[in-house]
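A.B. asks: Can you keep this structure in mind? I'll have questions shortly.
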Amino acid sequence: MKRAALVFVVLILCHASSLEAYSWDAYSFGVKAGFITANTTETPAGWMDSSFKNGFAGGISVEYPFTVNLSLQSELLYVAKGQNGGVATPSVAIDFTSSMSSIEIPILAKLTLATRSSFRPCFFAGPSIGINVGADLDIEGKYLATGEHFTGSADYSDVVNGTELGF
14 MKRAALVFVV LILCHASSLE AYSWDAYSFG VKAGFITANT TETPAGWMDS
64 SFKNGFAGGI SVEYPFTVNL SLQSELLYVA KGQNGGVATP SVAIDFTSSM
114 SSIEIPILAK LTLATRSSFR PCFFAGPSIG INVGADLDIE GKYLATGEHF
164 TGSADYSDVV NGTELGF
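Going by the numbering used here, the sequence shown opens with residue 14, and the numbers climb by one from there.
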């Protein structure tokens, strides 16, 4: 699947390098930056519910209009996701923070509604591919019998999906 993702990225870059064949007036470029709050719905049995983790999302976009109201928009985004949570047993209490970083590439059809004012709502739809570039787990815990604290961290990139597809 990583090979398919790499081929996809190369094709996007080849398309971007062929912009010279078109009028520069047709394309518009942009920079995006924002805030993401993410969580996961699946935690191992016995774990307490997890909570949302805040992160950064940002990147670049290019848009090609077909008509005044219809265009194709492609983006290359860095997205930081994760979750906060905990595990409690009779002998130990653990708080954890997982962090996942990915490169996401949505290819979106953009429909802009024509209105009589300067307000022009847009609707987006299309596929997206996400490529995992890192996954880390930080833990902080306490042995309840002795009160001793411990910390640790681990890279868990090899146990999460390398790519994710979305729409």
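Glycine included, C-beta positions come from ideal geometry on N, C-alpha and C.
Are the CB atoms of Leu85 and Ile118 nearer to each other than 8 Å?
C.D. replies: Their beta carbons are not under 8 Å apart, which means Leu85 does not touch Ile118 by this criterion.
A.B. asks: Roughly how many angstroms lie between the CA atoms of Thr50 and Leu126, to the nearest whole one?
C.D. replies: So the alpha carbons of these two residues sit roughly 29 Å apart.
A.B. asks: Below 6 Å CB to CB, which residues in the same chain sit around Phe69 once its five sequence neighbours on both sides are set aside?
C.D. replies: Within the same chain, Phe69 has close Cβ partners Ala93.
A.B. asks: Pop quiz: Met134 and Phe180 are said to be a contact at Cβ under 8 Å. What is the actual Cβ separation, rounded to whole angstroms?
C.D. replies: The sequence given here places Pro at residue 134; Met does not occur at that position. About 20 Å; that fails the 8 Å criterion.
A.B. asks: Could you check where the beta strand (DSSP E) with Ser104 kicks off and where it finishes?
C.D. replies: Segment: none, Ser104 is in no beta strand (DSSP E) and carries neither H nor E.
A.B. asks: Can you list, in chain order, the residues of its chain with a C-beta nearer than 8 Å to that of Ser104? Leave out the 5 residues immediately preceding and following it.
C.D. replies: Same-chain partners within the cutoff: Tyr156, Leu157 and Ala158.
A.B. asks: Contact defined as beta carbons within less than 8 Å: I believe Val184 pairs with Phe42. What is the distance between those atoms, to the nearest angstrom?
C.D. replies: Because the chain is modelled from 14 through 180, residue 184 falls outside the range shown and cannot be assessed.
A.B. asks: Under 7 Å Cβ to Cβ from Asn174, same chain only, skipping five residues before and after it: list those, please.
C.D. replies: Answer for Asn174: Asn145, listed in chain order.
A.B. asks: From which residue to which residue does the beta strand (DSSP E) around Leu178 run?
C.D. replies: Note, Leu178: beta strand (DSSP E), Thr176 to Gly179.
A.B. asks: What distance in whole Å lies between the Cβ atoms of Met113 and Gly147, which are believed to be in contact at a cut-off of 8 Å?
C.D. replies: Rounded, the Cβ-Cβ distance is 7 Å, consistent with contact.
A.B. asks: Enumerate, from N- to C-terminal direction, the unbroken beta strand (DSSP E) stretches of 3 or more residues contained entirely within the stretch 119-165.
C.D. replies: Listed in chain order, the complete beta strand (DSSP E) runs (minimum 3 residues) inside the stretch 119-165 are 135-138 and 141-156.
A.B. asks: Thinking C-beta only, is Asp168 closer than 8 Å to Asp149?
C.D. replies: Contact: yes.
A.B. asks: Going by the CB atoms, is the gap between Thr176 and Ile120 shorter than 8 Å?
C.D. replies: It is not a contact, given that the beta carbons lie outside the stated cut-off.
A.B. asks: Could you check the C-alpha separation between Tyr40 and Phe137 for me, to the nearest Å?
C.D. replies: Taking the straight line from one Cα to the other gives about 17 Å.
A.B. asks: Is it right to say Val115 is buried, meaning 16 or more other beta carbons lie within 10 angstroms of its own, or is it exposed?
C.D. replies: A small fix is needed here, since residue 115 is Ser in this sequence, not Val. Answer is buried; the Cβ neighbour count reaches 16.
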